[in-house]
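Number of protein chains: 2
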Amino acid sequence: MSVTNTDVSSQADAALGPCGDDDCGIREVLDRLGDRWSVLVVVELSKGVRRFRELERAVPGISQRMLTLTTKRLCRDGLVERTAYPTIPPQTDYRLTSMGRTFADVIQHLADWSRDHKDALVDARARWDADHGDTTGPS
Amino acid sequence: MSVTNTDVSSQADAALGPCGDDDCGIREVLDRLGDRWSVLVVVELSKGVRRFRELERAVPGISQRMLTLTTKRLCRDGLVERTAYPTIPPQTDYRLTSMGRTFADVIQHLADWSRDHKDALVDARARWDADHGDTTGPS
DNA sequence: CCGGATCCAAATCGATACTG
DNA sequence: CAGTATCGATTTGGATCCGG
Chain B
-7 MSVTNTDVSS QADAALGPCG DDDCGIREVL DRLGDRWSVL VVVELSKGVR RFRELERAVP
53 GISQRMLTLT TKRLCRDGLV ERTAYPTIPP QTDYRLTSMG RTFADVIQHL ADWSRDHKDA
113 LVDARARWDA DHGDTTGPS
Chain D
-7 MSVTNTDVSS QADAALGPCG DDDCGIREVL DRLGDRWSVL VVVELSKGVR RFRELERAVP
53 GISQRMLTLT TKRLCRDGLV ERTAYPTIPP QTDYRLTSMG RTFADVIQHL ADWSRDHKDA
113 LVDARARWDA DHGDTTGPS
């Protein structure tokens, strides 16, 4: 039982295989974008250094567990740097690395696209749900 | 029992809440980036019109089920357009919409970043795994 | 304050079989 | 060929308790 769900290095190691020519190292990045919290944490850290508790408050809805896992994953990927001060009570600072900052730029690019197309997306969704008999939608 | 796992509109409808100012419509985009196949399908479709079977072959490892779900989600989001010809045997064409093409551009941007930082990321990962007692890693 | 450990509910995915 | 339905395995995330 050396591997539990609290481990960090249990996903996205291999399991992609040859995919052509467009996506070779993207899988790992996508895995980081895919989970609910990494992006939000990076966005918050792009504003400056944050402590654990600060991050927790800045990202409403995240649990301590997920924040721990998320920061750890980001550290492992070299996107975030962690500095722990063994004081009482303990204090831990998180900050983006230089690579993390470029990653934040990519996210910003993504956010821009989202803003530009959010309406169209919601609209398309509504139209699709209307055309098809949809019993699973809202209300 | 009107909702099964084959339905398309059962995730990412609400459940985000106010998050500040950086991520308001991003969640939906991220959900599409997050799943294993959407990106690959979009990349393939960015090369031209594809039929169902063609997509299945172009994306090795995808199951019919996941391809159906993925294309359906992309259609719902207005990123992909579907044209079905009721012939025998049936034929269905998938193509990117104009919005889908801009989305493909974003993905390309992402892919560029991945390529540029893949080595650094792998390296950081290795270093992290070495520093910490890691029993879950490769070999 | 920071974060690890355990338990548990839910979403997701893959394999398979079946229909038009 | 294109798509649906069902099932089981895996993964993921949240709640909670505990320790440094």
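For the protein sequence lines, the chains are B and D, in the order given. Each residue of the first sequence is one higher than the one before, counting from -7 in our numbering. Each residue of the second sequence is one higher than the one before, counting from -7 in our numbering. Beta carbons: idealized from backbone N, C-alpha and C, even for Gly.
Partners in chain B for A140/D, counting only beta-carbon separations shorter than 9 Å: Given a span of -7 to 131 for chain D in the structure shown, any question on residue 140/D remains unanswerable.
How big is the Cα-Cα spacing for L25/B and R107/B? Answer to the nearest angstrom: the Cα atoms are 17 Å apart.
Are the beta-carbon atoms belonging to W105/B and T60/D less than 8 Å from one another? Cβ atoms of W105/B and T60/D: not closer than 8 Å.
Counting contacts by CB-CB distance shorter than 8 Å, is R107/B in contact with chain D? The C-beta of R107/B comes closer than 8 Å to at least one C-beta of chain D.
I99/B to V98/D span [Cα, whole Å]: Computed Cα separation, rounded: 10 Å.
Could you tell me which of H109/D, D115/D and D121/D sits nearest to G17/B, measuring between CA atoms? It is H109/D.
Considering only the alpha carbon of each residue, which of G70/D, D121/D and G53/D lies closest to A116/B? Nearest option by C-alpha distance: G70/D.
Contacting positions in the segment 16 to 34 of chain B - beta carbon closer than 9 Å to chain D: Interface annotation for the segment 16 to 34 of chain B against chain D: C16, G17, I18, R19, E20, V21, L22, D23, L25, G26, D27, R28, V31 and L32, criterion Cβ-Cβ distance under 9 Å.
Where does D121/B fall in DSSP's three states? D121/B: helix per DSSP, three-state reduction.
Who are the neighbours of V98/B on chain D, taking C-beta pairs under 8 Å? Within chain D, the residues near V98/B are H101, L102 and W105.
Apart from the five residues just before and just after C67/D, which ones in its own chain have a Cβ nearer than 6 Å to its Cβ? Cβ within range, chain order: R74.
Output the boundary residues of the beta strand (DSSP E) element that contains T75/D. Where T75/D is concerned, the enclosing beta strand (DSSP E) stretches over V72 to Y77.
Local Cβ density within 10 Å of S90/B, reported as buried at 16 or more and exposed below that: Only exposed fits S90/B, as fewer than 16 other CB atoms lie within 10 angstroms of its CB.
Determine, for A112/B, whether the minimum Cβ-Cβ distance to residues of chain D falls below 8 Å. So yes, A112/B belongs to the interface.
At a CB-CB cut-off below 9 Å, which residues of chain D make contact with T94/B? Ordered by position in chain D, the residues that pass the 9 Å Cβ test against T94/B are W105, D108 and H109.
Give me the Cα-Cα distance between V51/D and V33/D, rounded to the nearest whole angstrom. A direct Cα-Cα distance of roughly 7 Å separates V51/D from V33/D.
Could you give the first and the last residue of the continuous beta strand (DSSP E) run that contains D85/B? First-last of the beta strand (DSSP E) with D85/B: Q83 to L88.
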